[in-house]
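Chemist: At position 82 of the sequence shown the residue is numbered 82 (our numbering), and the sequence of numbers has no breaks. Cβ atoms here follow ideal geometry from the backbone N, Cα and C, with glycine treated the same way. Every value quoted in this text rests on a predicted model; they were computed, and no experiment measured them.
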Amino acid sequence: MFSIFKKEAPKPTNRLFRLTVHIGRGSNTEMPANLVGAHVPIFVGAPDHEAAAMKAVSSLTSRGFEFIDISDRQIHELDPTRASGAEHSGN
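#1: Return helix, strand or coil for S27, following the three-state DSSP convention.
#2: Return the chain-ordered list of same chain residues with a C-beta closer than 7 Å to the C-beta of I23, the five sequence neighbours on each side being excluded.
#3: Tell me, which residues are paired with L19 by DSSP?
#4: What residues match up with I70 in a beta bridge as DSSP calls it?
#5: With burial defined as no fewer than 16 other Cβ atoms inside 10 Å of the residue's Cβ, what is the status of F43: buried or exposed?
#6: By how many angstroms is the C-alpha of V21 removed from the C-alpha of A52?
#7: What does the alpha-carbon distance come out to for the pair S62 and K55?
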């Protein structure tokens, strides 16, 4: 009878991450032919920093870009509830 008063466990939610990746042109035709690569900031919603990195790489490679590396070797977790841009490193 009292089970209706029990709170449900919170469902896992995505957190917001930012990482800067070094990409190569690969087979993608969107990047101008005279460019061999770029450093690109990527914003990803994922449960943790490892999932965020995997999701970012998967998205880039599915669009034909070559993933080379995470530029600064950091994955930053952002707090979307704070307008000040506060962040902390996820690794």
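Modeler: This is what the structure gives:
#1: coil
#2: G37, A38, V40, L60, F65, E66, F67 and I68
#3: I42 and I75
#4: V21
#5: exposed
#6: 12 Å
#7: 11 Å
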